[in-house]
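A quick write-up on the structure given underneath.
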Amino acid sequence: MPVTAKALIEQDGEKYIAKVADISLNGAHLQTASSLKKENPIKLQLIFDELTPPIHMMAKIVYHNGEDYGVECQEIDIDSMLQLRSILTLYNNDPETIHQESQALWERNTQDSE
Numbered sequence: 001m002p003v004t005a006k007a008l009i010e011q012d013g014e015k016y017i018a019k020v021a022d023i024s025l026n027g028a029h030l031q032t033a034s035s036l037k038k039e040n041p042i043k044l045q046l047i048f049d050e051l052t053p054p055i056h057m058m059a060k061i062v063y064h065n066g067e068d069y070g071v072e073c074q075e076i077d078i079d080s081m082l083q084l085r086s087i088l089t090l091y092n093n094d095p096e097t098i099h100q101e102s103q104a105l106w107e108r109n110t111q112d113s114e
């Protein structure tokens with residue numbers, strides 16, 4: 001879902017800034033001129049505005065073409081997941097789908113950490 005946000009990316013101790021072109025419960029489409037390594041995980045912070053708490057997640061790069069990167073959420077804390085779900089619900093007219101997808105994401109994350 002298209003949004004207006006920026007992303008702070010940390011990879012291998014280096015920090016980068018990106019534009020968030022699109023976001024879902026499973027990941028995001030980022031745009032940056034920075035050279036990210038597809039094989040290394042990233043720490044991602046999504047910032048929407050000063051009043052909205054940022055969303056933190058660990059992600060892996062699953063797509064790269066020029067300045068476009070597709071990232072998939074690998075790990076997210078409960079507060080960030082709830083914040084992401086709230087933002088997507090505001091932008092989407094189908095809250096039931098958002099609820100089902102967020103439940104599946106949370107179950108996947110809790111199983112991976114066991």
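Just so you know, we're using my numbering here: the sequence shown kicks off at 1 and counts up by one.
Even for Gly, the Cβ is constructed at its ideal location relative to N, Cα and C.
When DSSP builds the beta bridges, which residues end up paired with residue i?
{"i": "Ile23", "result": "Ala28"}
{"i": "Asp12", "result": "According to DSSP, Asp12 bridges with nothing at all."}
On the premise that residue j lies in contact with residue i, defined as a C-beta separation below 8 Å, what is that separation, rounded to the nearest angstrom?
{"i": "Ala59", "j": "Gly27", "result": "6 Å"}
{"i": "Leu25", "j": "Leu88", "result": "7 Å"}
{"i": "Ile61", "j": "Lys6", "result": "Ile61 to Lys6, Cβ: 18 Å. No contact."}
{"i": "Val3", "j": "Tyr63", "result": "18 Å between Cβ atoms; not a contact."}
Going by the CB atoms, is the gap between residue j and residue i shorter than 7 Å?
{"i": "Ser86", "j": "His56", "result": "no"}
{"i": "Gln11", "j": "Asp68", "result": "no"}
{"i": "Ile9", "j": "Ile42", "result": "yes"}
{"i": "His29", "j": "Gly66", "result": "no"}
So what's residue i in DSSP terms, helix, strand or just coil?
{"i": "Ser79", "result": "A quick correction: the sequence has Asp, not Ser, at residue 79. Correct three-state label for Asp79: helix."}
{"i": "Glu107", "result": "helix"}
Could you tell me if residue i is buried or exposed, where buried requires 16 or more neighbouring beta carbons within 10 angstroms of its beta carbon?
{"i": "Ala18", "result": "buried"}
{"i": "Gln83", "result": "buried"}
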